[in-house]
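K.L.:
Structure in structure tokens, see below.
Numbering (the numbering used here), first residue to last: 1 to 273.
Shown next as structure tokens:
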């Protein structure tokens with residue numbers, strides 16, 4: 001088993017109704033929907049999902065334009081992903097879906113999405129808008145300063161590393177290593193680091209021949225799976241409980257009540273469990 005602990009935080013919202021803005025009343029406006037916006041406040045990324053269709057060209061993929069604060073973000077993008085549900089409902093063929101990933105600069109932003117007709121590019125429609133606050137990116141100096149407060153005796157090697165998209169941190173307590181993603185925003189950096197530090201405390205709390213999987217089993221048992229020594233579900237939620245006890249102001253996985261007592265003991269330095 002690959003022993004990497006991953007932390008990623010996503011929040012989702014369903015949006016919005018369609019407002020048509022045809023340039024020519026005789027030309028049908030494009031239709032579609034901005035269905036889902038997934039935001040990652042740790043890396044300032046958003047994933048936009050939905051569909052768009054030109055009613056007068058139902059076999060051809062249309063295109064969408066993303067704007068931020070009324071300014072275009074790049075060129076028009078093809079809405080050509082397969083959407084069987086849309087094709088069935090709209091009596092269309094071909095691809096009409098889109099999934100767009102963006103990284104936004106620091107600041108408060110209004111992000112909007114428009115669709116346009118295939119046959120008449122001047123005919124557009126708004127698919128919706130959403131607001132997003134992007135925080136300044138953290139620096140290695142920010143990370144090291146926080147590490148000194150969490151781990152003042154330097155018992156762990158804290159690194160500032162470019163990790164895969166969606167990963168905010170990665171702990172390997174058996175190697176005395178914590179990787180903190182260089183893409184983190186400074187606003188949530190301490191919460192990320194406390195979560196990963198919690199995995200170190202989980203590992204140190206057990207003294208068997210395989211302390212990590214002893215911790216895995218202990219937290220899974222409290223969630224009703226006493227024989228599970230493989231799923232990280234328990235230790236991830238447990239790490240949030242420990243991080244919360246240590247002062248984290250944001251939880252990505254959540255802290256179930258069943259884990260709070262054990263997590264509090266570990267946060268206060270319990271050993272030889």
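The beta carbon of each residue, even a glycine, is placed where N, CA and C say it ideally should be. Just so it is clear, the structure is predicted and the values come from calculations on it, not from any experiment.
1. Any idea which residues DSSP pairs residue 193 with across the strands?
2. Tell me the start and end of each unbroken alpha helix (DSSP H) in the region 202 to 237 that is at least 4 residues and wholly inside, in chain order.
3. With residue 248 as the anchor, note down where its alpha helix (DSSP H) starts and where it stops.
4. Check the C-beta distance from residue 113 over to residue 94 and give it rounded, since I have them as a contact under 8 Å.
5. Among the residues of its own chain, which have a CB less than 8 Å from the CB of residue 135, if the five just before and after it don't count?
6. Can you tell me whether residue 54 is helix, strand or coil according to DSSP?
7. Please list the terminal residues of the continuous alpha helix (DSSP H) segment that includes residue 143.
8. Taking a contact to mean a Cβ-Cβ separation below 7 Å, would you say residue 37 touches residue 48 in this structure?
9. Which class does residue 256 belong to by DSSP, given the choice of helix, strand or coil?
10. Go ahead and pull the three-state DSSP assignment for residue 30.
11. So, are the CB atoms of residue 219 and residue 238 less than 7 Å apart?
P.N.:
In short, the structure shows the following:
1. Residue 193 pairs with nothing; no bridge assigned.
2. 211 to 222
3. Residue 248 -> no alpha helix (DSSP H), and no H or E assigned at all.
4. In fact, because the Cβ distance is near 20 Å, the residues do not count as touching under 8 Å.
5. Sequence-distant partners of residue 135 (beyond 5 residues in either direction) whose C-beta falls short of 8 Å from its own C-beta, in its chain, are 41, 44, 106, 185, 186, 187, 188.
6. coil
7. 140 to 150
8. Less than 7 Å separates the beta-carbon of residue 37 from that of residue 48.
9. Correct three-state label for residue 256: coil.
10. In this structure, DSSP gives residue 30 a state outside helix and strand, which the three-state scheme calls coil.
11. yes
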